[in-house]
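Residues in the sequence shown are numbered from 127 upward in steps of one, following this note's numbering.
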Amino acid sequence: MIIDTHCHLIDQAFAADVDAVIQRSIDADVQKIVLACCDETEFPQIIRLCRRYADFLFPSIGIHPENMADDIDAQFNTLFSDENWTTHKGEIRAVGEIGLDLHWDKSRIDDQRELLVRQICWAMERDLPVLLHIRDAMTEFLELCRTTLATMSQSNGKRLRGILHCYSGTVEQAKESLLYGEFKFGIGGTLTYKKSAVPDVARAIGLERIVLETDAPYLAPVPHRGHRNEPAYTAVTCQALADLFGISADEVARITTANAATLLRL
Numbered sequence: 127m128i129i130d131t132h133c134h135l136i137d138q139a140f141a142a143d144v145d146a147v148i149q150r151s152i153d154a155d156v157q158k159i160v161l162a163c164c165d166e167t168e169f170p171q172i173i174r175l176c177r178r179y180a181d182f183l184f185p186s187i188g189i190h191p192e193n194m195a196d197d198i199d200a201q202f203n204t205l206f207s208d209e210n211w212t213t214h215k216g217e218i219r220a221v222g223e224i225g226l227d228l229h230w231d232k233s234r235i236d237d238q239r240e241l242l243v244r245q246i247c248w249a250m251e252r253d254l255p256v257l258l259h260i261r262d263a264m265t266e267f268l269e270l271c272r273t274t275l276a277t278m279s280q281s282n283g284k285r286l287r288g289i290l291h292c293y294s295g296t297v298e299q300a301k302e303s304l305l306y307g308e309f310k311f312g313i314g315g316t317l318t319y320k321k322s323a324v325p326d327v328a329r330a331i332g333l334e335r336i337v338l339e340t341d342a343p344y345l346a347p348v349p350h351r352g353h354r355n356e357p358a359y360t361a362v363t364c365q366a367l368a369d370l371f372g373i374s375a376d377e378v379a380r381i382t383t384a385n386a387a388t389l390l391r392l
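As structure tokens, then:
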């Protein structure tokens, strides 16, 4: 049994056949799927779909750095309202997809930092893990960890928990991140790409730190690269990890599923 810890099933890419996509994932031995939330408009859609597939789909709540509004105060207060928490606290499994993204636009890095810290604070106050999107910003994220997040952990006595989704940093950065939080590393289709550094990272951190994900509809694994990704393809990544570690796919599924189930309380 496999858990896809990061997926976007409300994306328009699935508008015509989401039920068939879900059925294919079930047929591929996927046990549970966590739906990442990118902003306040997505959250109600995620809740509706998760309720249609209760105990199979699970919601998260968060604002992606690329979906950050001009007025981040209003956006944060809308999504992270007391009403949303009171109504959905029994359903929400994580805060995410949140993070830092400097790939396209570096002009609002201060706003990105502020929004990330606010969402992390909200998560830690409620003992929820985070789904972290860190793109071309691992140096900046680690600096935030050394300063602001370290102070937060000391003041409240809690360590940040979560998943570094679609991890693309170095082995050294992965190891340093573990000084500041109880992190797992989301491994998906990029593991199968030529010239990918992900296999080296996976070997260095070990299976006990890995969870499976797809980021569907994005980043489909080989041989599906260039086409729409979907949760059923976690089986491809699972087999690739099995080949990498020289063990069975069943053993990879067992370990990564246990990692995800414990972290996300699934």
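Note that CB positions come from ideal geometry on N, CA and C, so glycine has one too. Just so you know, these numbers come straight off a predicted model, no measurement behind them.
Nonlocal neighbours in the same chain, by C-beta distance under 8 Å from residue 326, ignoring five residues either side = Closer than 8 Å at the Cβ level, and outside the excluded window around residue 326, lie 297.
Spatial neighbours of residue 176 within its chain, please: CB distance less than 7 Å, with the 5 preceding and 5 following residues excluded, ordered by chain position.
-> Result list for residue 176: 161, 183, 184, 185, 217, in chain order.
Using a threshold of 8 Å, is the CB atom of residue 251 nearer than that to any non-hydrogen atom of the ligand NAP?
-> No copy of the ligand NAP appears in this structure; indeed no ligand is present at all.
Of the residues 392, 387, 258, the one placed nearest residue 241, counting alpha carbons only = It is 258 whose Cα lies nearest to the Cα of residue 241.
What are the boundary residues of the alpha helix (DSSP H) that residue 214 is part of?
-> Per DSSP, the continuous alpha helix (DSSP H) segment holding residue 214 begins and ends at 208-214.
Which one of 246, 330, 279, 227 has the shortest CA to CA distance from residue 265?
-> Closest in alpha carbon position to residue 265, among 246, 330, 279, 227, is 227.
Return the Cβ separation of residue 268 and residue 299 in integer angstroms, given the expectation that the two are a contact with Cβ distance under 8 Å.
-> Yes, residue 268 and residue 299 are in contact; Cβ-Cβ is about 6 Å, under 8 Å.
In chain order, what residues of the same chain lie with their CB nearer than 6 Å to the CB of residue 396, ignoring the 5 residues before and after it?
-> Residue 396 lies beyond the residue range present for the chain, which begins at 127 and ends at 392; the question has no answer from this structure.
Go ahead and pull the three-state DSSP assignment for residue 454.
-> In the structure as shown, the chain begins at 127 and stops at 392. Residue 454 is therefore absent and cannot be evaluated.
Supposed contact pair residue 341 and residue 307 - C-beta distance, whole angstroms, cut 8 Å | Rounded, the Cβ-Cβ distance is 21 Å, inconsistent with contact.
Tell me, please, which residues DSSP counts as bridged to residue 158.
-> 129, per the DSSP bridge assignment.
Can you name the residues that DSSP bridges to residue 338?
-> Bridge partners of residue 338: 313.
Note down the Cα distance separating residue 168 from residue 134, rounded to an integer number of angstroms.
-> The alpha-carbon separation between residue 168 and residue 134 amounts to approximately 10 Å.
So what's residue 140 in DSSP terms, helix, strand or just coil?
-> DSSP places residue 140 in the helix class (H, G or I) of the three-state scheme.
Let me know if residue 352 comes out buried or exposed under the rule of 16 or more other beta-carbons within 10 Å of its beta-carbon.
-> Its Cβ having fewer than 16 others within 10 Å, residue 352 is exposed.
Check whether residue 392 and residue 224 have beta carbons under 9 Å apart | At least 9 Å separates the beta-carbon of residue 392 from that of residue 224.
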